[in-house]
Amino acid sequence: QFRPRRCFSCTPRPYSQIPCFSINLSFQAICEEKAMIDYTTGDYLVKLVFKRDGSVIPKALSIAVPSTIFAILLVALDDHFADTRDFLGLSSKNSTVMWAAVTAPLFSLISFRTSQAWGRFWEGTGLLHAMRGEWFDSASCLATFTSNAKSAKPEAVDEFRHTLLRLMSLCHGSALDELKEQETENYEVLDIKGLDEMTVKILLECKSKKFNRVEVLLHMIQVLVCNAQAKGTIDVPPPILSRVYQTLSRGFVNLLDAKKIKDTKFPFPYAQAIAVLLLLLAVITPITLSTMIPYVTLCAVSTFVPVFGLLCLNYAAEELEMPFGEDSNDLPLSHFQEEM
511 QFRPRRCFSC
521 TPRPYSQIPC
531 FSINLSFQAI
541 CEEKAMIDYT
551 TGDYLVKLVF
561 KRDGSVIPKA
571 LSIAVPSTIF
581 AILLVALDDH
591 FADTRDFLGL
601 SSKNSTVMWA
611 AVTAPLFSLI
621 SFRTSQAWGR
631 FWEGTGLLHA
641 MRGEWFDSAS
651 CLATFTSNAK
661 SAKPEAVDEF
671 RHTLLRLMSL
681 CHGSALDELK
691 EQETENYEVL
701 DIKGLDEMTV
711 KILLECKSKK
721 FNRVEVLLHM
731 IQVLVCNAQA
741 KGTIDVPPPI
751 LSRVYQTLSR
761 GFVNLLDAKK
771 IKDTKFPFPY
781 AQAIAVLLLL
791 LAVITPITLS
801 TMIPYVTLCA
811 VSTFVPVFGL
821 LCLNYAAEEL
831 EMPFGEDSND
841 LPLSHFQEEM
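Here's what the structure looks like:
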């Protein structure tokens with residue numbers, strides 16, 4: 511049973527003066543999260559190149575550089591490997607065919623992964639904005655629906671509004687926490703003065719009792735609205751009030767669609783095939799180019815560029831596939847909560 515607690519001041523306060531708390535088992539301070547990388551598209555290229563935070567370049571270099579060194583050694587020691595090449599049939603023509611056989615499926619797989627990753631990332635941010643919009647609209651409408659009762663029942667209206675905003679803040683924060691790869695139960699919310707001890711206990715024990723906290727909070731909000739309507743705190747026709755239930759429901763549907771992205775990984779067989787082909791590319795590229803280009807510098811550059819480029823594309827896709835983590839390239843979930 512949900513019971514709001516009468517402990518509000520009737521004097522309204524601006525949002526900046528309303529205290530915020532982190533909700534976790536001990537209600538301690540909120541942890542700092544990495545913010546999504548903010549940059550200007552007009553920045554100088556050099557400034558972008560040397561930005562390390564969130565970059566995939568270091569990981570790509572860890573494979574591209576050894577591959578380039580291998581190419582340099584093959585060119586420098588060409589006389590020593592001539593007999594071995596002839597024995598293995600690694601002529602210029604055969605090496606080119608072998609390189610093309612590896613790169614053709616690799617290009618297709620990485621293109622597929624990149625398009626899927628960007629689609630997941632864009633869909634994720636769209637769903638979060640839609641969820642926040644639906645629930646903010648619900649809270650705004652419900653607060654407006656109590657305007658007619660403000661003069662007759664000021665205390666009941668203040669109690670309803672304060673309780674509603676705190677439940678909605680908890681609901682939105684709990685929803686974002688569910689989307690994280692590792693749920694921390696540590697997010698900023700408005701203070702919980704409007705909830706009695708039993709309600710707070712139920713919310714804290716949701717995880718241990720295998721209940722979904724967002725569903726529990728949505729149920730509490732619906733009960734709060736029904737009680738307010740029965741008491742006359744909300745005085746609008748039922749068809750108009752039903753619109754609020756629809757927006758609450760649509761917001762929850764958007765959350766479930768976002769959880770679909772979290773729960774569904776990029777298929778492992780594709781990821782494994784890409785990893786194998788990238789490793790083969792890192793070995794075959796220097797062998798192929800060293801038979802075609804007898805110059806150390808030109809062979810090194812020609813080896814580095816395709817290996818490094820494809821590795822960067824693959825690692826960038828990996829970063830975008832899961833937009834709800836805590837990396838620098840993930841969506842800033844704490845910022846979404848602050849906006850709500």
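Numbering-wise (our numbering), the sequence shown opens with residue 511 and increments by one. All C-beta atoms in this analysis are idealised placements derived from N, C-alpha and C, irrespective of residue type, glycine included. Just so we're clear, the structure is a prediction, and the values are computed from it rather than from any experiment.
Practice task
Identify whether Leu-705 lies in helix, strand or coil by the three-state DSSP scheme.
Solution key: The sequence position of residue 705 within the sequence shown is 195, counting from 1. Leu-705: strand per DSSP, three-state reduction.
Practice task
Please go through the segment 741-799 and give each complete alpha helix (DSSP H) segment of 4 or more residues, from N-terminal end onward.
Solution key: 748-773
Problem - Extent of the continuous alpha helix (DSSP H) to which Ala-700 belongs - result: Locating residue 700 in the sequence shown gives position 190, counting from the first residue. A small fix is needed here, since residue 700 is Leu in this sequence, not Ala. Note, Leu-700: premise wrong, no alpha helix (DSSP H); beta strand (DSSP E) at 698-700.
Handout entry: Whether Val-612 touches Leu-820 by CB criterion (8 Å)
Key = Locating residue 612 in the sequence shown gives position 102, where the first residue counts as 1. Locating residue 820 in the sequence shown gives position 310, where the first residue counts as 1. Contact flag unset, no.
Exercise for the section: Identify the continuous alpha helix (DSSP H) that holds Cys-681 and give its terminal residues. Expected result: For this step, residue 681 is matched to residue 171 along the sequence shown. Here the alpha helix (DSSP H) through Cys-681 covers 664-689.
Practice task
Determine, using beta carbons only, whether Glu-849 and Arg-723 come nearer to each other than 8 Å.
Solution key: To locate residue 849, count along the sequence shown from 1; it is residue 339. To locate residue 723, count along the sequence shown from 1; it is residue 213. Taking 8 Å as the Cβ cut-off, Glu-849 and Arg-723 do not qualify as a contacting pair.
Handout entry: Separation of Thr-813 from His-682, as counted between CA atoms
Key = Counting from one through the sequence shown, the residue named residue 682 turns up at place 172. Counting from one through the sequence shown, the residue named residue 813 turns up at place 303. Rounded to the nearest angstrom, the two C-alpha atoms are 49 Å apart.
Problem - Pairwise C-alpha distance: Ser-621 and Pro-779 - result: As a working mapping, residue 779 is identified with position 269 in the sequence shown. As a working mapping, residue 621 is identified with position 111 in the sequence shown. Looking at the two C-alpha atoms, the distance is approximately 16 Å.
Exercise for the section: Ignore the nearest five residues each way along the sequence and tell me which others in Glu-829's own chain have a CB closer than 6 Å to its CB. Expected result: Here residue 829 corresponds to residue number 319 of the sequence shown, with the count starting at 1. Excluding positions up to five away in sequence, the list reads Asn-839.
Problem - Three-state class that DSSP yields for Met-730 in the structure shown - result: On the sequence shown, position 220 is the one that residue 730 refers to. Here Met-730 sits in helix by DSSP.
Practice task
Quick one: using the 10 Å Cβ neighbour count with 16 as the cut-off for buried, is Ile-750 buried or exposed?
Solution key: Position 240 of the sequence shown, counting from 1, holds the residue named residue 750. Flag for Ile-750 reads exposed.
Practice task
Could you pull the start and end residues of the alpha helix (DSSP H) that Leu-821 belongs to?
Solution key: Here residue 821 is taken as the residue at index 311 of the sequence shown, counted from 1. It spans 806-831 - the alpha helix (DSSP H) in which Leu-821 sits, taken as one unbroken run.
Problem - Contact belief for Ala-570 with Cys-822 at Cβ below 8 Å, rounded distance in angstroms - result: In the sequence shown, the residue the question calls residue 570 occupies position 60. In the sequence shown, the residue the question calls residue 822 occupies position 312. Indeed they touch by this definition, with Cβ atoms about 5 Å apart.
Exercise for the section: Any chance you could list the alpha helix (DSSP H) runs of at least 4 consecutive residues sitting entirely within the segment 598-652, in chain order? Expected result: none
Problem - Residue nearest to Thr-578 in terms of C-alpha spacing, selected from Ala-827, Pro-816 and Thr-654 - result: Start at 1 with the first residue of the sequence shown, and residue 578 comes out as number 68. Thr-578 has its Cα closest to that of Pro-816, out of Ala-827, Pro-816 and Thr-654.
Problem - Contact set for Asp-563: own chain, Cβ-Cβ below 6 Å, skip 5 residues either direction - result: Counted from its first residue, the sequence shown places residue 563 at position 53. Here the set comprises Ser-838.
Exercise for the section: Below 6 Å CB to CB, which residues in the same chain sit around Asp-773 once its five sequence neighbours on both sides are set aside? Expected result: Your numbering for residue 773 matches position 263 in the sequence shown. Result list for Asp-773: empty, nothing under 6 Å.
Practice task
Would you mind stating whether Ser-718 and Val-699 have Cβ atoms separated by less than 8 Å?
Solution key: Counting from one through the sequence shown, the residue named residue 718 turns up at place 208. Counting from one through the sequence shown, the residue named residue 699 turns up at place 189. No, Cβ-Cβ distance for Ser-718 and Val-699 is not below 8 Å.
Practice task
Can you tell me which of the three DSSP states Val-575 falls into?
Solution key: Start at 1 with the first residue of the sequence shown, and residue 575 comes out as number 65. Of the three classes helix, strand and coil, the one that applies to Val-575 here is helix, per DSSP.
Handout entry: Proximity below 8 Å, CB of Leu-787 to CB of Leu-758
Key = As a first step, residue 787 must be located in the sequence shown, where it is residue number 277. As a first step, residue 758 must be located in the sequence shown, where it is residue number 248. Not closer than 8 Å, so no.
Handout entry: Leu-841: first and last residue of the uninterrupted alpha helix (DSSP H) it sits in
Key = By one-based count along the sequence shown, residue 841 stands at place 331. Element bounds for Leu-841: n/a, residue is neither H nor E.
Handout entry: Val-607 beta carbon less than 8 Å from that of Ser-800
Key = Locating residue 800 in the sequence shown gives position 290, counting from the first residue. Locating residue 607 in the sequence shown gives position 97, counting from the first residue. No, the Cβ-Cβ distance between Ser-800 and Val-607 is not below 8 Å.
Handout entry: Nearest to Ile-573 (by Cα), restricted to the options Glu-836, Ala-738 and Thr-795
Key = Start at 1 with the first residue of the sequence shown, and residue 573 comes out as number 63. Of the listed residues, the one whose Cα sits closest to Ile-573 is Thr-795.
Problem - Sequence-distant residues of the same chain with beta carbon closer than 7 Å to Gln-847, five excluded per side - result: To locate residue 847, count along the sequence shown from 1; it is residue 337. Counting only Cβ-Cβ distances below 7 Å, and skipping sequence neighbours, we find His-682, Gly-683, Leu-686, Tyr-697 and Glu-698.
Problem - C-beta contact flag for Gly-634 and Leu-841 at 8 Å - result: The residue labelled residue 634 in the question sits at position 124 within the sequence shown. The residue labelled residue 841 in the question sits at position 331 within the sequence shown. Yes.
Handout entry: Spatial neighbours of Val-746 in its chain, beta-carbon cut-off 7 Å, leaving aside the 5 residues before and after
Key = Position 236 of the sequence shown, counting from 1, holds the residue named residue 746. Excluding positions up to five away in sequence, the list reads Phe-655.
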